[in-house]
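The numbering used here numbers the first residue of the sequence shown as 13 and each following residue consecutively.
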Amino acid sequence: TSKMKSTRTKKSEIKEATKKAKTELLEDEGYSKAKGKTRKELSSATSSLFPAQGVNISVLQEILEHDRYSSGMTTYEVCRHVIKPMTKHYKCSYVELVTQVVPNSAALVETATVFVSHAWDYKFSVLLKTLESFVKEETLKDSHAGEKIFFWIDIVCINQHLPAGRPSIWYKNTFIDGMKTIGHTICVFSQWEGHTYLERLWCVWELYCSIRTKSKIDILMPKKERESFLSHLCCNFDDVLNKLCQVDIVNAKYRRLVDQTSILNTIYDGDGVKEVNRDVSLYFYTWVGLEVVKNKDQSHSNDDDEPFAILMSRVASLLFDQGRYEESEGFLVRALGIYEGLNEPKSPDLATAINNLAVIVHWRGDYEKASALYKRVLEIREIVFGSKHFLFSESLNNLALLYEEQGKYRETSLF
Numbered sequence: 013t014s015k016m017k018s019t020r021t022k023k024s025e026i027k028e029a030t031k032k033a034k035t036e037l038l039e040d041e042g043y044s045k046a047k048g049k050t051r052k053e054l055s056s057a058t059s060s061l062f063p064a065q066g067v068n069i070s071v072l073q074e075i076l077e078h079d080r081y082s083s084g085m086t087t088y089e090v091c092r093h094v095i096k097p098m099t100k101h102y103k104c105s106y107v108e109l110v111t112q113v114v115p116n117s118a119a120l121v122e123t124a125t126v127f128v129s130h131a132w133d134y135k136f137s138v139l140l141k142t143l144e145s146f147v148k149e150e151t152l153k154d155s156h157a158g159e160k161i162f163f164w165i166d167i168v169c170i171n172q173h174l175p176a177g178r179p180s181i182w183y184k185n186t187f188i189d190g191m192k193t194i195g196h197t198i199c200v201f202s203q204w205e206g207h208t209y210l211e212r213l214w215c216v217w218e219l220y221c222s223i224r225t226k227s228k229i230d231i232l233m234p235k236k237e238r239e240s241f242l243s244h245l246c247c248n249f250d251d252v253l254n255k256l257c258q259v260d261i262v263n264a265k266y267r268r269l270v271d272q273t274s275i276l277n278t279i280y281d282g283d284g285v286k287e288v289n290r291d292v293s294l295y296f297y298t299w300v301g302l303e304v305v306k307n308k309d310q311s312h313s314n315d316d317d318e319p320f321a322i323l324m325s326r327v328a329s330l331l332f333d334q335g336r337y338e339e340s341e342g343f344l345v346r347a348l349g350i351y352e353g354l355n356e357p358k359s360p361d362l363a364t365a366i367n368n369l370a371v372i373v374h375w376r377g378d379y380e381k382a383s384a385l386y387k388r389v390l391e392i393r394e395i396v397f398g399s400k401h402f403l404f405s406e407s408l409n410n411l412a413l414l415y416e417e418q419g420k421y422r423e424t425s426l427f
């Protein structure tokens, strides 16, 4: 009850303060009576640097109660019809306005802890409900978590009155460094089948930057969308992959040509288009696989079969490619357990899983265990494929490299 009362008090303060500020702005062209800053001084606080401050969920909730807001507005419409008119006089960001006019704003505005990646075509109310659910789940883990979450969300954190576009160096360094500092990105899918998110230039770029900076990433969906997603996932895994993992940043949609030009120039001068598309697709491919496993575990299903073991092995390979070695090893060990339970000692898929585990163990420096695993793979592949098959040759090569690293040149010469 005390927490609910605290939230209502904060929202009431924002509402009253912003109304008061609106009246003062109309009465006084030169100064803000709240802090005594001129319009020029306040607007100059927004520079070309990446804004560091984020907002408490209550600040976003208050937007829905503003006189200018109407039900069903998209985020773009909220920015155009609510945020920009409110901040027009001082030509500052909404965060800066709240900081100036709301008493005790320190509880509402603080250094951002979560970057929100979203498409402006979504309904703002849906976006907000998704973020509210996130706060609620985090609060279940830690009763004080809600007070520590400050969202970095573009329409309130960025000065919407600044000219469009920035130099490529801003996208290459400033923006990426800003996301790295925050270290946690939430990607909001208002709908998964239409995959509006992956069709938007900024969304793909933000996710790529999150992957590149090794930020924590959460994919969030509204409750009904997630239920639909999980239902399809159980029935047709490959269909879900086809719908989610088709990434093409060059042809992604954008609102402003200057954004497309700057972002694509940054990509062309950096890792390249193929690398960006590959990394984002790879991330989603892995995430979908992890969701299958997570959903199966939560349903307490015991029907582990060969297709599930193959999926576990595929996900493990993807995790390995992304440098997530411990997670990869855990999935491979589990896949091997399923294969052994099915009593299929000569399966080519089993050989692949064992080989991938051997590579991880080898990389970790456990040569004795790696040697035993490589020999087991060699035995299975010789039986299944024959000694002239390239996979058998690959296994011989892996074992030879292992011996060479150990200085066992006599054993190496046998290959």
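C-beta: ideal position from N, C-alpha, C; glycine also.
Put simply, the region 191-207 touches the region 227-244. At least three CB pairs are less than 8 Å apart. By the neighbour-count definition (other C-beta atoms within 10 Å, threshold 16), Q112 is a buried residue. In the structure shown, the three-state DSSP call for R178 is coil. Short of 8 Å from the beta carbon of Y295, and not among the five residues preceding or following it, lie these beta carbons of its own chain, in chain order: L219, I223, I229 and Q334. DSSP places T225 in no beta strand (DSSP E); its state is neither H nor E. Rounded to the nearest whole angstrom, the C-alpha separation of A64 and A382 is 47 Å. The Cβ atoms of K420 and I392 lie no closer than 8 Å to each other. Between the C-alpha atoms of L253 and D133 there is a straight-line separation of about 23 Å.
By the beta-carbon neighbour count (other beta carbons within 10 angstroms, threshold 16), Q258 is exposed.
Around the beta carbon of N368, 16 or more other beta carbons lie within 10 angstroms, which makes this residue buried.
Beta-bridge pairing by DSSP links K135 to T86.
Under the DSSP assignment, E122 falls outside any alpha helix (DSSP H), being part of the beta strand (DSSP E) whose first and last residues are V121 to T123.
As DSSP reads the structure, V200 sits in a beta bridge with L232. The bridge partners DSSP lists for S129 are C199. Judged by DSSP in its simplified three-state form, K255 adopts helix. Counting along the chain, no beta strand (DSSP E) covers Q172, and no H or E run does either. Comparing alpha carbon positions, the residue from H196, V126 and V90 closest to V138 is V90. For R336, the three-state secondary structure derived from DSSP is coil. If you compare the alpha carbons of Y209, S70 and K226 with that of R336, the shortest gap goes to K226.
The beta-carbon distance between G349 and L330, rounded to whole angstroms, is 19 Å. This is too long to meet the 8 Å contact definition. Membership of Q112 in the alpha helix (DSSP H) is indicated by the continuous run Y106 to V113.
In this model, V373 and P360 are separated by some 20 Å (Cα to Cα).
In the three-state reduction of the DSSP assignment, F163 falls in the strand class.
Taking one beta carbon from each stretch, the region 100-109 and the region 185-194 have fewer than 3 pairs nearer than 8 Å; the two do not touch. For the options I194, S180, Y379 and E417, the alpha carbon positioned closest to that of F127 is the one of I194. Scanning A119, S145, P179 and N116 for the CA closest to the CA of I231 turns up S145. Linking K306 to Y102 through their CA atoms gives a straight-line distance of about 48 Å.
For Q65, the enclosing beta strand (DSSP E) starts and ends at Q65 to V67. Taking all protein chains in view, the Cβ of R212 is crowded by 16 or more other Cβ atoms within 10 Å, so the residue is classified as buried. Taking the Cα positions, E150 is about 28 Å away from M324. When DSSP reads this structure, R212 sits in a beta bridge with K265. Scanning V200, K235, A347 and R388 for the CA closest to the CA of A131 turns up V200. When DSSP states are grouped into helix, strand and coil, E205 belongs to the coil group. The three-state secondary structure of D283, taken from DSSP, is coil. If you compare the alpha carbons of E352, L354, L385 and V327 with that of G342, the shortest gap goes to V327.
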